[in-house]
Amino acid sequence: MTLYLRLKIKEMLTNPELLGWGIGFIEFWVLMWIFVFSQVSGETPWKIYVMKTNITMAYSFLGLLSMSSVAIGLSYSLFHASRAARYITKFTRIGVLRFIVEDFLGSLVAILIFALTIFLSVIGLSYVKWGILALPENPLGVMADLVIAGIALYWLAYMIALAVIVSRRTRALTMTSYMPLIVGFIAYSQLWIDLGNLVYVIPLCSLPALLTYHGIGAFPPTGAYFAWLTSDKPLPAINLRLAAISVFTWTIIFITLSLILLRKSRGVPVEEIRL
Amino acid sequence: MIEVVNLHVKYRWRQEPVIRDVHARFKDKHLILGPNGSGKTTLFRAIAGLTPISSGRIIIDGVNLDEIYGKPGVLAINLSEVYNVFHLNAYDHLRLFMDLTGGDFDLALKMLGDLGLSTDLLRKRKPWELSAGQQKAFSTVIALLSSARHILLDEPFEQLDPARKGKLIEHLREHKGVILLNTHETWLLSALKDWSTHLMFEGKLCGSMSAGELVEASLVVGDSADAMLRFTVSGKTYSLVRGEGGEPLSNLITLDRIYELTLS
């Protein structure tokens, strides 16, 4: 592992703001979800299944929110280090491609550690409350979903930072950097709202469905997850193939736009950073 | 060698150019002397590829700047903004840049110690948490020890105390390779007499002549027949003449005072 990569991971895992929003804040909602909002109990197979689904939904939605929070910090750090990045790629032994790959890998590892922390705390705390070890039906599938979410959110954050740099709208960063969290909350709103076919169109909205599928093995609906969990009324099931295509397409769009913007970026002078 | 050809730079398309039609070849040790706001730092940013250029070319050792990527040993600059990469302490940043450029980490620690930045301080503070003078010393040492053939030093003496200025001058004298050093302080002329000196006013570069010649020159308002160098500031022509025919340049202390002369 190169020193740049190690320091990138160290930076993200020791940044108090990222730790506060990505773990501290989300852990609060993990506790609320499990100990306050979840009233389900019982020992029948159906009740246990419902509880496991509830736990799967908790780590899916809250894990995604945690990753979205971290992506805000990523936008900021990419923006502030834009001059340094330009200099590093020209006059040190890290060329452009290696810089992108190492920055991406470092960020991805850190994002996944954040998401896995939320995942493990949900599993652990639900075991404390109900004595149920709700391990995913398909752990590799859940891991793959988290990796895809991390990749998509990293490139979304990168695209935002670069768009601000290239357009020289430095004051817009405060507003635009929250886009990953807005995306995360739109996805989170599916707990109550059925987005219908919009779930395939809105960026990364179909990720919770993939996570839920790999977590519990059930075909989730296109939204209104709580209603799906608690009522007998059937809801339209999501098309998982379309959901996966949607996530991949958005990820490719974010990567492509980032690479186009990267060619035009020359960094932002310190004098222009007025946030 | 750094070659600057017909360089124009402006930050926004409607703005007046910050750099106007600069032509220069830098192949030894050069001082660029100019008042604040004359475009010295922008010239350095342009040479390092850190700001878009409106027109012109920059060629380093025969290679167009736009084609240089992933090449350690070509150029280093002491702008602190390029050394603030991570939300980590200055020690980690120093380690990173010495690793990426093949610089001597232990020597860098020693040189920073000479300039008053102990290893303990570097471990405790992030680069932007150092004082302005410490930040400048920190980035200057990284630039000097980056094993680069061309080093751009933007106001390296600013906010350094006199003892540390002396130490830094020693390090500059020892350094082999091309150095471009910009400053608005004229006292440096007598300390670096053998350096080639350019003057920069309102985005235009003029010269060069040796710092030794310049330190003995005087500034005369107007177009003098025996001028070594003429330049225009705020529409007024100035001439640099040998001897004491006008205001001795070394008396100005800082070239910012040129504007006071313009008004007089």
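From first to last, the protein sequence lines are chains S and Y. Taking this note's numbering, the leading residue of the first sequence gets 1, the next gets one more, and so forth. Taking this note's numbering, the leading residue of the second sequence gets 1001, the next gets one more, and so forth. Positions of the beta carbon are idealized from the N, C-alpha and C atoms, including for glycine.
Kindly list the residues whose CB is nearer than 6 Å to the CB of residue i, restricted to its own chain and excluding five residues on each side of it in sequence; keep chain order.
i: Glu1244/Y; result: Ser1218
i: Leu1122/Y; result: Ala1090, Tyr1091
i: Arg1045/Y; result: Thr1051
i: Leu1180/Y; result: Phe1026, His1030, Leu1152
i: Lys129/S; result: Ile34
i: Val70/S; result: Leu18, Gly22, Ile111, Phe114
i: Asn1182/Y; result: Ile1032, Lys1040, Asp1154
Taking residue i as the query, report the chain Y residues whose CB atoms sit under 8 Å from its CB, ordered along the chain.
i: Ser77/S; result: Phe1086, His1087
i: Ile233/S; result: What sits at residue 233/S in the sequence shown is Lys, not Ile. Those within 8 Å of Lys233/S in chain Y number zero; the least Cβ separation is about 49 Å.
i: Glu11/S; result: Phe1086, His1087, Leu1088
i: Val96/S; result: Tyr1069, Gly1070
i: Arg171/S; result: Under the 8 Å cutoff, chain Y gives no residues; its nearest Cβ is about 14 Å from Arg171/S.
i: Ile55/S; result: Here the premise fails: no neighbours, minimum Cβ distance about 34 Å.
Quick check on DSSP: helix, strand or coil for residue i?
i: Asn1182/Y; result: strand
i: Tyr1238/Y; result: strand
i: Asp1104/Y; result: coil
i: Glu1064/Y; result: Per the sequence shown, the amino acid found at residue 1064/Y is Asn instead of Glu. Reduced to three states, the DSSP call for Asn1064/Y is strand.
i: Glu17/S; result: helix
i: Ser1055/Y; result: strand
i: Asn1316/Y; result: The structure shown does not extend to residue 1316/Y, since chain Y is modelled only from 1001 through 1264, so no value can be given for it.
i: Asn1006/Y; result: strand
i: Arg1230/Y; result: strand
i: Asp1154/Y; result: strand
i: Asp1021/Y; result: strand
i: Asp194/S; result: strand
i: Pro1035/Y; result: coil
i: Pro180/S; result: helix
i: Ala134/S; result: coil
i: Ala71/S; result: helix
i: Lys1126/Y; result: coil
i: Thr44/S; result: coil
i: Thr2/S; result: coil
i: Leu162/S; result: helix
i: Ile202/S; result: coil
i: Leu211/S; result: helix
i: His1175/Y; result: coil
i: Leu125/S; result: helix
i: Phe37/S; result: helix
Check the DSSP bridge columns for residue i and list the partner residues they point to.
i: Gly95/S; result: Partner(s): none; Gly95/S has no beta bridge.
i: Met1209/Y; result: Thr1197/Y
i: Asp145/S; result: Answer by DSSP bridge pairing: none, since Asp145/S is not bridged.
i: Glu1247/Y; result: Leu1219/Y
i: Phe1026/Y; result: Ile1002/Y
i: Ile961/Y; result: Residue 961/Y lies beyond the stretch modelled for chain Y, which goes from 1001 to 1264, so this question has no answer here.
i: Lys1204/Y; result: Phe1201/Y
i: Gly223/S; result: Asp194/S
i: Ala237/S; result: Pro221/S
What does a CB cutoff of less than 7 Å around residue i pick up in its chain, not counting 5 residues either side in sequence?
i: Ile160/S; result: Ser75, Thr176, Ser177, Met179
i: Leu146/S; result: Gly63, Leu112, Ala115
i: Phe254/S; result: Ala152, Trp155, Leu156, Met159
i: Ala1191/Y; result: Ile1169
i: His1171/Y; result: Met1111, Leu1144
i: Trp250/S; result: Ala152, Pro203, Leu204
i: Ile216/S; result: Lys52, Thr53, Thr56, Glu137
i: Ser1055/Y; result: Asn1006, His1008
Apart from the five residues just before and just after residue i, which ones in its own chain have a Cβ nearer than 8 Å to its Cβ?
i: Val166/S; result: Leu261, Lys264, Ser265
i: Leu1088/Y; result: Lys1126
i: Gln1159/Y; result: Ser1131, Ala1132, Gly1133, Lys1136
Is residue i near the ligand FMN, judged by its Cβ being under 7 Å from some heavy atom?
i: Val164/S; result: Ligands are entirely absent from the displayed structure, and the ligand FMN is therefore not among its contents.
Can you pull the chain S neighbours of residue i, defined as C-beta to C-beta under 7 Å?
i: Leu1075/Y; result: Phe91
If the cut is a Cβ gap below 7 Å, which residues of chain Y does residue i touch?
i: Arg83/S; result: Leu1050, Glu1081, Val1082
i: Leu3/S; result: Arg1095, Leu1096, Asp1099
List, in order along the chain, the chain Y residues whose C-beta lies closer than 9 Å to that of residue i?
i: Leu7/S; result: Val1085, Phe1086, Leu1088, Asp1092, His1093, Arg1095, Leu1096
Problem set entry | Near-chain S residues of the segment 1082-1112 of chain Y (beta-carbon distance less than 8 Å), N- to C-terminal order | From the segment 1082-1112 of chain Y, only Val1082, Tyr1083, Asn1084, Val1085, Phe1086, His1087, Leu1088, Asp1092, Arg1095, Leu1096, Phe1097, Asp1099, Leu1100, Thr1101, Gly1102 have a Cβ closer than 8 Å to chain S.
Problem set entry | Residues within the segment 1054-1071 of chain Y neighbouring chain S, beta-carbon criterion of under 7 Å | Ile1068, Tyr1069, Gly1070, Lys1071
For this session: Could you name the residues of the segment 12-23 of chain S whose beta carbon sits closer than 8 Å to any beta carbon of chain Y, in the order they occur along the chain?
Result: Thr14, Asn15
For this session: For the segment 132-154 of chain S, enumerate the residues whose C-beta is nearer than 7 Å to any C-beta of chain Y, in chain order.
Result: Those residues of the segment 132-154 of chain S that come within reach of chain Y (Cβ to Cβ, closer than 7 Å) do not exist; the list is empty.
For this session: Please name the residues in the segment 111-123 of chain S whose beta-carbon is closer than 7 Å to at least one beta-carbon of chain Y, in chain order.
Result: none
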